[in-house]
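One structure is given here, and the rest of the page talks about it.
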Amino acid sequence: MQFINEARSLVKENIRDYGMYIALFVIMLTFSIMTDGLFMSSRNISNLLDSTGYIAVLAVGMTLVIVIRHIDLSVGFAAGFLGAITAILLTKMGMPIYATIPIILVLGIVIGLFNGLLIARYAIPSFVATLAGMLIFRGALLQVTEQTGTIIIKDDAFNAIGNGFIPSLMVVNGLHLLSLILGLISILFYVYSEISTRRNKIKYQFDVVSKGIFSIKLVFVSAIIAYVTYILAGYNGFSWTVVIMLLVVIAYHFLTTKTVLGRHIYAVGSNPEAAHLSGINVNKITYIVFGSMGMLAALSGILFTSRLQSATTTAGTLFELDAIAAAYVGGVSSAGGVGKVTGAIIGAIVMASLSSGMNLLGVGVSTQYIIRGGVLVGAVLFDVMTRKKRG
Amino acid sequence: MSGYILEMNQISKEFTGVKALSNVNFKVEKGEIHCLIGENGAGKSTLMKVLSGVYPYGTYEGDIVFEGSVQQFNKISDSVKTGIVIIYQELALFPDLTVYENIFVGNEVKRGNLVDWNQTIRQAKEMLKRVGLDVNPETLVKDLSVGKQQLVEIAKALSKDVKLLILDEPTAALNEDDSENLLNLLGELKNQGITSIMISHKLKEVIAIADHATVLRDGKTICTLDASKGEITENVIIKNMVGRDIDDIYPKRPDKKIGEKILEMSNWSAYSTELGRYVVKDVNFNIKKGEIVGIAGLMGSGRTELALSVFGNPKNYKLEGQLKVAGAVKTFKHTSDAIKSGIAYVTEDRKGDGLFLIQDIKNNITAANLNSVADNGVINENEEVKRAGEYKQSMYIKASSLEQTVGNLSGGNQQKVSLGKWLFVGPKLLILDEPTRGIDVGAKFEIYTIMNKLIDQGMSIIMISSELGEVLGMSDRVYVMAEGKIKGELPIEEASQESIMQLATQ
């Protein structure tokens, strides 16, 4: 009885955090049933995740931008433009991939810092400053691709980023071994870190959840990791896109939850004046957040270009809005100070699942837009309602 | 005189648990200038809000009788229709609209359903003439000085056929010439038959123009003084304003150990480009180790601005003069520099710029000094929880856990979190701006106790406060500010409510 009460109160307190996981679960379940399991097939899930990559990394950066009460509309075409520059460096200039990628990422940071300069130093509203950026990069993209049109990339190593998979070492019963090993390592790492956190808390004599709940949580999360690994290993294993996406999430999750910088970002978002009076350099935080956004836009450009194996004249169209939608579905609040990186990824996957599922069902594009719009409103509405209840 | 135009009888108003007004009687004769006086928090503004319908009929007790009939105002526009217009200290003008648009906003001159702009301008000119303001009605309001904007507000009131004009500290933001102008205008309007109520802190003005003056204190009417009987003098007013014993809620510090000067300002001025004037002017100030120095003065006297100009200058004032911290000359570029030099500032407006309301107690307490619980920028969360927990205990913060959202705490507990946040930094000098505003007596006492504990540990405290009782009860030395200047420095033995008020209302 005590166990049930504890579980119930935990769910109640954290409903807002778990809401989108539940939503994702419901969406996946519904599509699985409606497509006779086709939706959850290895091939479909693998494709789904790969096609989310370039939006998911943008959504991570966008979450932080929205957390500090700004917006960045320039990231879509910045990604498109940087993707085109990547293609030019690789094909026309004949640069090697290991030199090209760092250059592009640094370029992305420079673009982001420039946005930061306009917003922090000159106090131009971020909506306007980045809207200008959007127009400028759209023009720049057209200009660099004007003569050639679509630039096709023949570099296999580069194209593998968006299309390739990690080596499998060996195939066991149709499952890719290295991916299985990676999945196992993640489970072990997860269990180890949870147990050590709990031990540490007990050492400090803090309250921890009961052993029962704790074990259920461990088993549950491990099972999910195992299942995803199993599904992916059954197709081609982990793709490079998924690996990059995971690395970005882990890095940003660590940054936002464990570091002083992360805490300062949320402080600026919750109350910029109080942050300033607490000795936090609000302008510096703005530069960092926009710089990181620029870098992730560059990464998004690389992922997208590699996936298409070419740079096109329209690359990046509406990426920024997809990223913003993913961030909001993931629980970010435009009032500032609220929103998680993990939420952004889930938000991106929710949106991608909707597209993928509806494609499988043969739903027309027009209807798809309407449904995705409805889900966006629904997610934000849920957020507003749960916050009202708590406040 | 021709009887009362306004009678407010037995007015009581309660805010959840706090009695802001109790049985206030306030009577204004037709065609007079009546001044309403009292300390900050005495209930003047509340009384005027009851009168103007900001607090609708039914939310207070008592009667409002205007021109012989009982009034029941449900909203501000009801009182305006009856002829009562209130002009707040914060002017309610649209800076980017023209003078004539401002005068007739919400009260447009129409022909059919359309605005008749020619007629509007013609009438605006007439109103401007009545208030003696010689400007083109097509000027944008933001291009006028504050004094002239004030006159536009009055012109706006006149356009609504005002019978009773209420001015809330009209001269607080004006220079001397503009103030005199305004007072003359009130005299002029009186001759035209308009009754005025003026809330003011400047006793000289009150003495100059009031026919009657009513003193409020702690939400009660203390007395109404009559100029024709020669009752309105500085001494009488001050005595009535403050005449209250200091309650015994100020814990004593028996052994005082006062050391070296830890902060000193010489000829310190701060110019605000936003306001276009000096907010702090030629201040000479010092505080020694182990001392509580009170800064008294009325709201808007430049106390907060003085604190901010020292604390890393977040408002970007242009600073002049010299600042010494522990004997060394300093210039702070950012609040973080001030914090590094051992200065902490607990803000006046804890909800607005003090706390992160949507975050929990722990995050708030550690916000200004996260590096002390972090290794290479990575937070040791267990250490953080432990340290924050210690502060929760020593600050007597009443909350179920450290994870409670600060926005849900009571005012007193929020103030303690705010204080705890700064003690977590381990400052040498703590600047407290209105440390006990809006909190109950119990929490006040706890905050005073904490202050004494800190002094015992060798800290110094600058306490900015509008509550004279608190200034007198806690300080070792008192500076009195008015109009951005230090009007006087009093050792605690010489400080009294009267002597402070006298300096503050100069």
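Chains A and B are the protein sequences, given in the same order.
Taking full-length UniProt numbering, I'd label the letters of the first sequence as residues 1 to 391.
Taking full-length UniProt numbering, I'd label the letters of the second sequence as residues 1 to 506.
We treat Cβ as the ideally placed atom computed from N, Cα and C, and that holds for glycine.
- Separation of the CB atoms of Ile-111(A) and Leu-354(A) is rounded to 30 angstroms, and the pair is thereby denied contact status at 8 angstroms.
- At a beta-carbon threshold of 7 angstroms, the residues of chain A lying near Ser-336(B) are Gly-279, Asn-281, ordered along the chain.
- Remark: fewer than three beta-carbon pairs, one from each stretch, lie closer than 8 angstroms, so the stretch 308-327 of chain B and the stretch 371-378 of chain B are not flagged as touching.
- Asp-36(A) carries a coil assignment under DSSP once its states are collapsed to helix, strand and coil.
- Taken through DSSP and simplified to helix, strand or coil, Val-209(A) comes out as coil.
- The CB of Gly-352(B) comes closer than 9 angstroms to the CB of Asn-271, Glu-273, Ala-274 in chain A, given here in chain order.
- Restricted to the stretch 187-274 of chain B, the beta strand (DSSP E) segments that are unbroken, complete and at least 3 residues in length are 195-199, 212-217, 220-226, 261-272, listed in chain order.
- In this structure, the CA atom of Val-109(B) is about 58 angstroms from the CA atom of Ile-292(B).
- Residues of the stretch 332-348 of chain A with a Cβ closer than 7 angstroms to any Cβ of chain B, in chain order: Gly-337, Val-338.
- Around Pro-251(B), the same chain offers Phe-445, Tyr-448, Thr-449, Asn-452 as residues with beta carbons nearer than 8 angstroms, after the five sequence neighbours per side are excluded.
- Cβ contact annotation for Gln-2(A) (same chain, cutoff 6 angstroms, sequence separation greater than five): none.
- Taking the C-beta atoms as reference points, Ile-225(A) is found nearer than 8 angstroms to Ile-187(A).
- Between Thr-82(B) and Phe-104(B), the C-beta spacing is not below 8 angstroms.
- Between the alpha carbons of Ile-121(B) and Pro-137(B) lies a gap of roughly 7 angstroms.
- The Cβ atoms of Ser-278(A) and Ala-367(B) lie closer than 8 angstroms to each other.
- DSSP places Asn-413(B) in no beta strand (DSSP E) but in the uninterrupted alpha helix (DSSP H) bounded by 411-423.
- Taking 8 angstroms as the threshold, the shortest C-beta distance from Lys-201(A) to chain B falls below it.
- Shown here for Trp-422(B): same chain residues with a beta carbon closer than 6 angstroms to its own, the five before and five after excluded, namely Ala-344, Val-346 in chain order.
- Setting aside the 5 residues that flank it on each side, Gln-414(B) is surrounded in the same chain by Arg-350, Leu-355, Val-406, each with a C-beta closer than 7 angstroms to its C-beta; the list follows chain order.
- Residue Ala-155(B) holds the alpha-carbon nearest to the alpha-carbon of Leu-189(B) among Lys-398(B), Gly-3(B), Met-265(B), Ala-155(B).
- When C-beta distances to chain B are compared with 9 angstroms, the residues of the stretch 240-265 of chain A below that value are Phe-254, Thr-257, Lys-258, Thr-259, Val-260, Leu-261, Gly-262, Arg-263, His-264, in chain order.
- Sequence-distant Cβ neighbours of Cys-35(B) in its own chain, meaning closer than 7 angstroms and more than five residues away, are Met-198, Ser-200, Val-206, Ala-210, Ala-213.
- In this structure, the straight-line span from the alpha carbon of Val-215(B) to that of Met-241(B) is close to 6 angstroms.
- Counting only runs of 4 or more residues that sit fully inside the stretch 90-135 of chain B, the alpha helix (DSSP H) segments are 99-103, 117-130, in chain order.
- In the DSSP assignment, no residue is bridged to Asp-78(B).
- If you look at Leu-355(B), you'll find it isn't in any alpha helix (DSSP H); DSSP assigns it neither H nor E.
- Ile-55(A) and Phe-319(A) do touch by the CB rule: their CB atoms are close to 6 angstroms apart, below 8 angstroms.
- The three-state secondary structure of Asp-155(A), taken from DSSP, is coil.
- Under DSSP, the beta-bridge partners assigned to Tyr-479(B) are Ile-295(B), Glu-489(B).
- DSSP lists no beta-bridge partner residue for Tyr-122(A).
- By the neighbour-count definition (other C-beta atoms within 10 Å, threshold 16), Ala-274(A) is a buried residue.
- Taking CB atoms only, Tyr-230(A) has no neighbour in chain B less than 8 angstroms away.
- When Ile-500(B), Met-481(B), Asn-175(B) are compared, the shortest CA-CA separation from Gly-276(B) is found for Asn-175(B).
- The bridge partners DSSP lists for Val-171(A) are His-176(A).
- Look at Ala-120(A): its C-beta is not under 8 angstroms from any C-beta on chain B.
- In the structure shown, Lys-340(B) adopts helical secondary structure according to DSSP, grouped into three states.
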